[in-house]
Amino acid sequence: MTTDQRGTSPSHSLKHTRRAAAASLGGTILEYYDFAIYGLASALVFGPLFFPSADPTVGVLASFVTFGVGFLARPLGGIVFGHFGDRLGRKNVLVTTMLIMGVSTVLIGCLPGYDSIGYWGAVLLVLLRLAQGFAFGGEQPGAVLLVAEHAAEGRRGLFASLPGAGVSFGLVLGNLAFLAVNNTMDPATVLTWGWRIPFWAGGLLVLIGLLIRFGLAETPDFERNKANDQVSASPIRDVIRTHPAQILLAGGVQAGQAVASYITVIYSLAYAREHDVPASLPLLGIILSGALHLALVPAAGALSDRFGRLPTYLAGAVFIAITALFFFPMIASGSAVLVLCAYLLLFGIGWAVITGVYPVMIAEAFATKVSYSGLSLGMQLGVVIGGLTPFVATLVATLPNGSTLLGIGLSVVVLLSGWCAAAIVRRTTRAGVAATIDQPA
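Going by the numbering used here, the first residue of the sequence shown is number 160, and it counts up by one from there.
Next up, the structure:
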């Protein structure tokens, strides 16, 4: 997004920006709604439904493997959709990603189990999960670019943060959907067909999202590039050749965000269970901190418009680095107050701040003609690194003073992401990619 391509021209209208923000927010909500319902279904029903075994644990583990394969398809999706997003435009690609996500989600809800078609049900489940992951790989970077390129200069941080706010909304919505099913049906009915309802309900989210996206205008920045014949013929090749450092640094920034989220949303639940903390406490902590996260993400984006991307991001990173040192001891204490405070501080405040800033910060590091590809490569690199977090954390926890090492490790990772943020901002400013990147808007 070079300075001669960005600005406060009339083409960056507030009406189009708000519509783009709604479209981007809808995609993120669907993505994390699916993340929640698939994770819950993997733990509750997919084991006996698709992987019947004498040992129930084996079935659950197999169902979690299907959950993980979706992440394997994300990098490929990022590359493919990044290419077409830079070649054909943001709007068309984002309509495609939402359609794939939605159809896959609804079809999962229609799958017959092992009793009907044997292990072919599991095969189809894996294929649909791969399709979801493939679409997710192009959804997040495209959603950020869509709203960032529609927004005027002084409000880009605010609007580009809105997809991040959809994370908490989608997680809460997915949990509520399964909660409603479990509270209104007996376990046998849930296992037979009740589990399908949340997946079918995802189709309604898709219809709403598609209606919004079909009515979108293409971003002014892409249209300007197209009019000036500045569309790259091979954006993946060009971004690797011209922005290799930015891709790696963007991956480092994304990795810090991913590690912090996987620690708080996934691994901390297992850690709490190992320390005999009632399961209701960390779950309540995630719900409450998710509500706070929803409010603070756009606030952080707005602050980055006022005080600069880097100072705002570093404030969040340092806050997490300090809080991480106390996070695990607070959970292990078993005190309701301390457990809830641990989640509110790390997830509700610290993670919300970096989530509200990092997407626009790394998006501004790439020239418009390769921004979709560059952002996709950087984000997926970070997701792959972050995806190892639960496994590594479980190993570290077995070491002497494991709780202390976990806190220190999270602090180090987040501070390293802060260093990557500082480096990418320096390169962005030096290259003139975004003149106001570290200055008040």
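All C-beta atoms in this analysis are idealised placements derived from N, C-alpha and C, irrespective of residue type, glycine included.
Since the structure is predicted, the reported quantities are computational estimates derived from the model, not experimental observations.
How about GLY329 and ALA195: do their beta carbons lie closer than 8 Å?
-> yes
> Of the choices LEU305, GLY241, LEU338, whose alpha-carbon is the least far from that of ALA294?
Replying inline: GLY241
>> Taking the alpha carbon of ALA324 as the reference point, which residue from TYR531, GLY185, ALA483 has its own alpha carbon closest?
In response: GLY185
*asked:* In the DSSP assignment, the alpha helix (DSSP H) including LEU505 goes from what residue to what residue?
replied: Counting along the chain, LEU505 falls outside any alpha helix (DSSP H), and DSSP gives it neither H nor E.
#### Entry: GLU382, enclosing alpha helix (DSSP H) - first and last residue
379-386
* **Per-residue DSSP class, three states only, for PHE209** => helix
Report the rounded CA-to-CA distance for LEU208 versus LEU350, giving the unit in angstroms.
7 Å
TODO: Less than 8 Å between the CB atoms is what I'm expecting for LEU189 and VAL365, so what's the real figure, rounded?
DONE: 6 Å
Compute the Euclidean distance between the alpha carbons of GLY166 and LEU247, then round it to the nearest angstrom. At GLY166, the pLDDT of 44 sits below 50, so the modelled position is not reliable; the number obtained from the coordinates is stated separately. Computed Cα separation, rounded: 22 Å.
Practice prompt. Check each candidate in LEU442, GLY353, LEU504 and name the one with the smallest Cα separation from VAL270.
Written response: Checking the displayed sequence, the identity of residue 270 turns out to be Leu instead of Val. Minimum Cα distance to LEU270 is reached at GLY353.
Exercise for the section: Counting only runs of 3+ residues fully inside the segment 376-440, write out the beta strand (DSSP E) ranges in chain order. Expected result: none
- Indicate the three-state DSSP secondary structure (helix, strand or coil) for ASN560 in the structure shown. coil
Worksheet entry | Per-residue DSSP class, three states only, for CYS579 | helix
Integer-rounded CB distance, given that ALA319 should sit under 8 Å from TYR430: That pair is no contact at about 33 Å.
Note to self: Going by DSSP, what residue range makes up the alpha helix (DSSP H) through VAL365?
What the structure shows: 355-373
| said: Looking only at its chain, what residues have a beta carbon closer than 7 Å to the beta carbon of PHE337, apart from the 5 residues adjacent to it on each side? | reply: ILE196, LEU199, PRO357
Which residue wins for smallest C-alpha separation from THR563, given the options TYR517, ILE513, ALA491? ALA491
Mind checking LEU332: buried by the 16 CB within 10 Å criterion, or exposed?
buried
Check your understanding: From the beta carbon of LEU317, is the nearest beta carbon of chain B less than 8 Å away?
Key -> Looking for chain B here will not work: only one protein chain is present.
Do you know how far the Cα of THR256 is from the Cα of ARG468? 28 Å
- Figure out for me which residue from PHE486, VAL542, LEU547, ALA480 has the closest Cα to the Cα of TRP578. ALA480
Using 8 Å as the threshold, is the C-beta distance between VAL285 and THR225 below it?
yes
For this session: Identify, in the order they occur along the chain, each residue of the same chain with its Cβ nearer than 8 Å to the Cβ of TYR273, setting aside the five sequence neighbours on each side.
Result: LEU208, PHE209, PHE210, PRO211, GLY280, ALA281
Rounded to the nearest angstrom, what separates ARG249 and GLU382 at their Cα positions? 10 Å
What is the rounded straight-line gap between the Cα of GLN291 and the Cα of ALA581? 33 Å
* To do: Report the residue from GLY566, GLY493, THR553, PHE466 whose alpha carbon sits nearest the alpha carbon of LEU505.
  => GLY566
On the DSSP letters alone, give me the boundaries of the alpha helix (DSSP H) that THR471 sits inside. 468-491
Check your understanding: In its own chain, which residues sit with a C-beta less than 7 Å from the C-beta of LEU453, not counting the 5 before and 5 after it?
Key -> ALA324, SER327, PHE328
*asked:* On the CB-based measure, 16 or more other CB atoms within 10 Å of its CB, does SER439 come out buried or exposed?
replied: exposed
Requested in this report: Note down, in chain order, each residue of its chain lying with its Cβ closer than 6 Å to the Cβ of SER168, except the 5 sequence neighbours on either side.
Outcome: The predicted position of SER168 is uncertain, since its pLDDT is 46 and thus under 50; a value taken from the coordinates is nonetheless stated next. Cβ neighbours of SER168 beyond the five flanking positions: none.
Residue from MET520, TRP510, ALA302 with nearest C-alpha to VAL477: TRP510
Practice item. Compare the beta carbon distance of LEU115 and ILE406 with 8 Å and say whether it is the shorter of the two. Key: Absent from the model: residue 115. The displayed extent of the chain is 160 to 600, so no value can be given.
Quiz item: What first and last residue would you give for the alpha helix (DSSP H) that runs through THR256?
Solution: 249-267
Closest Cα partner of LEU287 within the set ASN384, ALA232, ALA179, SER576
ALA232
- Can you check whether the CB of GLY261 is closer than 8 Å to the CB of GLY361? yes
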